[in-house]
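Protein chains: 2
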Amino acid sequence: MRASRFFISTLKEAPSDAEIVSHQLMMRAGMIKRLGSGIYTYMPTGLRVIRKVEAIIREEMNKSGALELLMPVVQPAELWQETGRWDKMGAELMRVKDRHGRDYAIQPTSEEVVTDVVRSEIKSYRQLPLNFYHIQTKFRDERRPRFGLMRGREFTMKDAYSFDRDVAGMQKSYGVMFDAYVRIFNRFGLKFRAVAADNGAIGGTGSHEFHVIASTGEDALVYCPSSDFAANMEAAEALAIGTRGAAAQAMEKVPTPGKTKCDSVAELLGLPLSRTVKTIALTVEKEEEGKVSKQYFMLLLRGDHELNEVKVGKVAGLAGHRFSTEAEIEEVYGTVPGYLGPVAPRLPVTVVADRTAANMADFVCGANERDYHLTGVNWGRDLPEPVVADLRNVVEGDASPDGKGVLAIERGIEVGHVFQLGTAYSASMGATFLDENGKPAPLQMGCYGIGVTRILGAAIEQNFDDKGIVWPDALAPFELVLCPMGMDRSEAVKTQAEQLYAELKAAGVDVIVDDRGLRPGAMFADWELIGVPHRVVIGERGLKEGKLEYQGRRDAAATAVPVAEMVGFIKGKLGR
Amino acid sequence: MRASRFFISTLKEAPSDAEIVSHQLMMRAGMIKRLGSGIYTYMPTGLRVIRKVEAIIREEMNKSGALELLMPVVQPAELWQETGRWDKMGAELMRVKDRHGRDYAIQPTSEEVVTDVVRSEIKSYRQLPLNFYHIQTKFRDERRPRFGLMRGREFTMKDAYSFDRDVAGMQKSYGVMFDAYVRIFNRFGLKFRAVAADNGAIGGTGSHEFHVIASTGEDALVYCPSSDFAANMEAAEALAIGTRGAAAQAMEKVPTPGKTKCDSVAELLGLPLSRTVKTIALTVEKEEEGKVSKQYFMLLLRGDHELNEVKVGKVAGLAGHRFSTEAEIEEVYGTVPGYLGPVAPRLPVTVVADRTAANMADFVCGANERDYHLTGVNWGRDLPEPVVADLRNVVEGDASPDGKGVLAIERGIEVGHVFQLGTAYSASMGATFLDENGKPAPLQMGCYGIGVTRILGAAIEQNFDDKGIVWPDALAPFELVLCPMGMDRSEAVKTQAEQLYAELKAAGVDVIVDDRGLRPGAMFADWELIGVPHRVVIGERGLKEGKLEYQGRRDAAATAVPVAEMVGFIKGKLGR
C-alpha cells in the first residue's frame, strides 16, 4: 500500500468524550469515527485490524471443525418469545416493527436462531456433534455507551454454538473450543488469561472467560502463579484463613459512639481490622398461597473482607435476597445499621458466616444497640455456631483453592467467553434429536463468543505508550512502514524505496510506504500514533554507507542494517 | 474439506413458496434457510459462495484504488432527515427507536453516512479523489418479499462512493468503477451486459446497470449486436420507423361498434395493426396561487407499440402527469375511452405523437364518438402537426440509435448499478471542499452498488439444468468433488482417494471429498444439485486399469483419466 493512496487522518487531540486511552488513541489514529452514541464507522486503518482479527478467528475455528454460516441481523420476535428472552432482556434488546407491524429483534446474540436452524435440520444422533459459528454485526442498546469500541452499541462478534448428544459430548466440544480460543489469543500476540467464571443468568453448568490483561481492565482476575488455577472474582473460591483459636476473652459490651464502620471501631479499640466482624442484614420474601412471608438472614464477614454477591445468591435459601431496609432492621434487631451483630437478635434470624469469619475467636461485632459494640465474642460460647459458607471476594495472598500456592490478582478486559449451556435453550425451544434407541432427547449445547471489535480496544489498553498505539505484529494495520526521507529530492532514496517496497511485498510483508512527502517528524508521529510495529527509514546519508535504519516501535534507538540484508532482517523480526 | 465434517442437507422437494428456479434450487441444495419473510440464514454451502463473490469484489475494488471501510447498520435518523430521504423513502426504510426514543434507520444504503464521514474529513481538493466502499448487511422492508435472495429484505451489498472536485473527475472515477465492474463480472464467469440506465429518483447525470443475462430475468435489455450500444428498456432511445408518405386516402368516419382496441379495429377493417394509432389521454394538474388548473394531453403511438412511462415523464410539460379519468375524457373529448382520437377534440389539448406515429400517413384512429373510428387520417391535412417525442419502448429490429445496426432484446437480472450522483447529496448535506482558489465547492459524487447475495440467485437463473445448479468455477462452493466408490470396502479406493485429495489440496484446488459412505446415486445427486462444476470418481474397476473418471457438470459423459495425470488434468480444466 502507498500512503498517498490510503486514507490517513490523525488528530493531535482526542475528542473530550473519549475517557480511556484506547478510545482516545483509536480516535486520534483515525481508526474509528463516531456516527452516533456507541455507533462507529470503522475507517480503513481500523478495518484492517478488524479483518486481521477475523481472519485469525476464522482459521482457528475452521481448524477446530466448526462450520461458518451467517445468521441474520434482524430476527423475528417469535423465537425470542419462545425462550422468554423477549421479555427478560429489557431495553438492551433493540426492537423494531416491520411495515406490517410484526416484531423483530436486532440481534445481540443468536442462540434462538441457531437453535431454530438446528431443530429443523438435526434428526439423529448420527448428525452430531455439530458446531456452527458466524462473525456478524450485533447491537446492544446499552444504557450508557462509552469507552469507544469497549462498550459500544453496534459491534462485531464471533459467536459459535455446539450441539451434542450428551453432557460428555458437550464437554468435549467445550474443550475443543477452549483450546481454539487459547490458540486464537496466542496468535493475536496478546497477554491473556482464561479464568473460570460464574454461569450467571444464561444458566448451564460451566464457563470460562478470556481476558486481555491490562492494568486499566474493569475485571479483577484471580490466579495462582504456582498452579493453573484462575477464576474471575465472582467465581474464585475463598478458603478459610487460619483456624479458630480458643476463647481467651470474656464477651463485653463497649461504647463505640458514632462508630458505624469496622475500621473506625477497630481504631477506637486499638485492634487490627481483622479482629472485627461486619454484619449485613438480608431479607428474603416468599409468596405462598398469595401470602408474602419474610425471612431474615445475617451475613458475617471479617471486617477487612468484601462481600461477593454472586456467592451470596448461591447459599441455600438466599436466592432472591435483598438488603434489609432500615425499618426491617429496627423491627428485627431493635437497632440501626452500623451496630448490628449476631448475638441475641430480637427476632430469630439465620446467621451465615463466611468461612474466615466462622474461624475467628475473641472477635468484635455490633451489640444490636446504638453506639455499642461487643468485644471478646466467641462462637459456640456467646452465640450458636453459624451456617458457614464462602461469602467473600478473595484477596491477594489467600491460599489457592487447589492447595498449590497463594493467590494473586490482576486486572483484565473480557474479550471472550465459553459457556456450557446444557439444555437451557434446546429444552425451551424443543430442539431434540433421536438417540440410539430412537427416543427424542434435548440437544446439549455450548456457546462461545469473541468480541471482535472489542479486541481492538483491549489490545490497545495493553499495548500503548505516550506516542500512541503499539500493535502486536499479528493485529497491526500494517506490519511495517517504509519512510523515505526526501523522496522528492533524492533519486537514490526514491529508487531504493521503490525497490525495497517491491521486495518486502514479494516477501509477503504487509508494508506501507509513506510517499506523502511529509517532513520526518510529522511522518514518524503518524506511524507511532497508528502503532505500526516496524519502521524502516531510507535516508541519503545512510544510503551512502549502504545502510538503512530499522526501528521497532518499542525500541529506544534505531539499528543500522545493510541494504542487502534488510529483507532478511525484517523477516527475522516477523518470525518468518 | 471432508463431506463427513461439513454440513450437507439437501431436499428432494422445494418448499411451496419458492416460485423461481434459483430460490427452489438454493433451498433444495441447503444453501439458505428461511428465518422469516425475506430473511434467510446463509448455510455453510451458501456462505462459501458469498465469500467467493465478496473476495472477487474486494480484490477488484482494491485494485481500482477504492478503500474499504465499514459503516454501521443502525444509522441516526438525523442524517436521513438532512437529505429528506427519511420522509421520501416510506415504508421500505426500516425505522427503529432506541431506549431513549431516538430514531434510527436500518440502512438500505449509505449515501448519508459516507457523505457525513467525508464532509468532516475532507478539507481540500488535495485530498481528492477518494473512493470509499464497504460490504455490509442491508435491510429493505419490501412490500412483498419473494424469490429467495432475489428480492429479500435483509441482504448483503457492496456499495462504493466516489468523491471528486469536478464533473470531469467524477466521470473519471465513474469510468474506473465501470471498468472494475466489468472485471468483476468477467471473473464471476457470468454472461452479463452493462446497459445505460435512467437515473430515476436518485438524480444525477448518468448511470449504467449491470445485468446477468437470464431468460427468466425481470428486465428487458436492449442492445445492438453490431455495435456497443446497450441500454435498459426505460432508457433505450426509439428512432422513427420509416418516413411519412403522401396522403393517398380521404379521411372517412367508419362504424367500429364495440371495437375499443387497435387490434380489433384493424381486424374489422382488414388492415395491419401498424396502420392504426392508439390514443392515450393524460392530465397534468398545476397549482398556482392556491388554484388548481388542469392541462390535457393526448399521446399517440402506433397501434403495435408500447408506451414508455419514463420517457413520457421527460416530455416538456408532462412531469407529474396522470392518466385522465373517464369523467375527464367525457368532458374534454365528448366520448368514452376506446374511441379517442386527435382529430378535433371538443376542448383544446396538446397532441404529442411518438416519432413513428408522427411519421404515419393514411392512419386509423378513434373518431371521438362511441363506436366510430376515422380512416385515412393525415397530419397537416386533417389535423395540425403534433409535438413529436420519443414515447415508446423499442422493439426488436428497430434501428440502433447509434446508426450502426438494428436492435435486439434479451432478459436480464440487475445485479449492479453505477451512478453519477453529482452534487445530489453533497449539496443537501453541505459536503464541500476548498478548491485551488480557497473557495468552498460541493463534492462531486458517484455511487456504485453490487448486490452480493443477489448474485447467487442471478448466477443460478443463468446456470442450471434439471439436476440442479451449475456453478461457474469462480463461484462454486467447492470447485471439485472427489467421489470414492465403496471407500469403506476397498482399501485401494480409500488410499487413492486420500492421496488425490491431498494432492489436489496441495495444488490449490478447492476440493471436497465425499467420505459420507453414501451410495453412488445419492452421492452424485447431491453434488449435481449443489452444482459443483467438476467431479472425479474413484472406483475399484477403474483403478485396476490405473484410471479415474472425470466428469464436468455439463458433460454428457465421463472421461477416463490416468491416475498420474489427474491433478494436471484438473488444473487444466480450472485454467491454472
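Chains as they are written, first to last, in the working numbering: chain V, 1 to 576; chain Y, 577 to 1152. From the three backbone atoms N, C-alpha and C, an ideal C-beta is built for every residue, glycine too.
For I122(V), there is no enclosing alpha helix (DSSP H), as DSSP gives it neither H nor E. For G724(Y), the closest Cβ of chain V is not nearer than 9 Å. Judged by DSSP in its simplified three-state form, E479(V) adopts coil rather than helix or strand.
Here Q1038(Y) carries a helix assignment [DSSP, helix/strand/coil].
By the neighbour-count definition (other C-beta atoms within 10 Å, threshold 16), S791(Y) is an exposed residue. Rounded to whole angstroms, E396(V) and A458(V) show a C-alpha spacing of 24 Å. In terms of Cα proximity to D17(V), the closest of G422(V), C224(V) and F147(V) is F147(V). Taking a Cβ-Cβ cut-off of 8 Å, the neighbours of T41(V) in chain Y comprise L645, L646, M647, P648, V689 and V693, given in sequence order. DSSP places N62(V) in the helix class (H, G or I) of the three-state scheme. Contact check for I1146(Y) and P1060(Y): beta-carbon distance about 16 Å, past the 8 Å limit, so the pair fails to qualify. Counting every other CB atom within 10 Å of its CB across the protein chains shown gives Q249(V) a total below 16, marking it as exposed. Just so you know, the alpha carbons of Y1077(Y) and R578(Y) end up roughly 9 Å apart. Per DSSP, the continuous alpha helix (DSSP H) segment holding A502(V) begins and ends at E491 to A506. Taking 3 residues as the shortest admissible run, the segment 187-250 of chain V contains the following complete beta strand (DSSP E) segments, listed from N- to C-terminal end: 192-196, 206-213, 219-223 and 230-232. Scanning chain Y for C-beta atoms nearer than 9 Å to the C-beta of T83(V) yields nothing, as the closest lies near 15 Å away. In the three-state reduction of the DSSP assignment, D354(V) falls in the strand class, which pools E and B.
Its chain contains A857, L858, T859, Y872 and V908 as the residues whose beta carbon lies nearer than 8 Å to that of S900(Y), once the 5 sequence neighbours on both sides are disregarded; these appear in chain order. Scanning chain Y for C-beta atoms nearer than 8 Å to the C-beta of V96(V) yields M670, R671, V672 and I682, reported in chain order.
For the C-beta of Q651(Y), the chain V residues within less than 9 Å are, from N- to C-terminus, L35, G36 and I39.
If you draw a 10 Å sphere on the C-beta of L923(Y), you find fewer than 16 other C-beta atoms in it, and that means exposed. Along the segment 620-641 of chain Y, the positions whose C-beta sits under 7 Å from a C-beta of chain V are P620, L623 and G641, read in chain order. Taking the CA atoms as reference points, S207(V) sits about 17 Å from D166(V).
Judged by DSSP secondary structure, S1002(Y) falls within the alpha helix (DSSP H) whose first and last residues are A1000 to M1005. For R1030(Y), the CB contacts under 7 Å within the same chain, skipping 5 residues up- and downstream, are L725, M726, F731 and V991 in chain order. Closest in alpha carbon position to V994(Y), among K1043(Y), Y757(Y) and A984(Y), is Y757(Y). Contact annotation: in the segment 10-30 of chain V, residues whose CB is within less than 9 Å of a CB in chain Y are G30.
Taking the beta carbon of T713(Y) as reference, the chain V residues within 7 Å of it are V73 and T137, listed in sequence order. Between the alpha carbons of R535(V) and V1143(Y) lies a distance of about 43 Å.
Three or more Cβ pairs drawn from the segment 176-195 of chain V and the segment 463-479 of chain V lie within less than 8 Å of each other, which places the two stretches in contact.
For E154(V), the residues of chain Y that pass the 7 Å Cβ criterion are P648, V649 and V650, in the order they occur in the chain. Here the alpha carbons of R627(Y) and A1068(Y) stand approximately 36 Å from one another. For the options A55(V), L443(V), T375(V) and G508(V), the alpha carbon positioned closest to that of G169(V) is the one of L443(V). Looking at the backbone, the Cα of M637(Y) and that of K1120(Y) are separated by about 50 Å. About 7 Å separates the CB atoms of T852(Y) and F939(Y); that is less than 8 Å, so the two are in contact. Taking each of M607(Y), L1080(Y), G1062(Y) and G1025(Y) in turn and checking the Cα distance to F754(Y), the smallest one comes out for G1025(Y). Beyond the five residues adjoining it in sequence on each side, A590(Y) comes within less than 6 Å, by CB distance, of Q600, M603 and R604 in the same chain, given in chain order.
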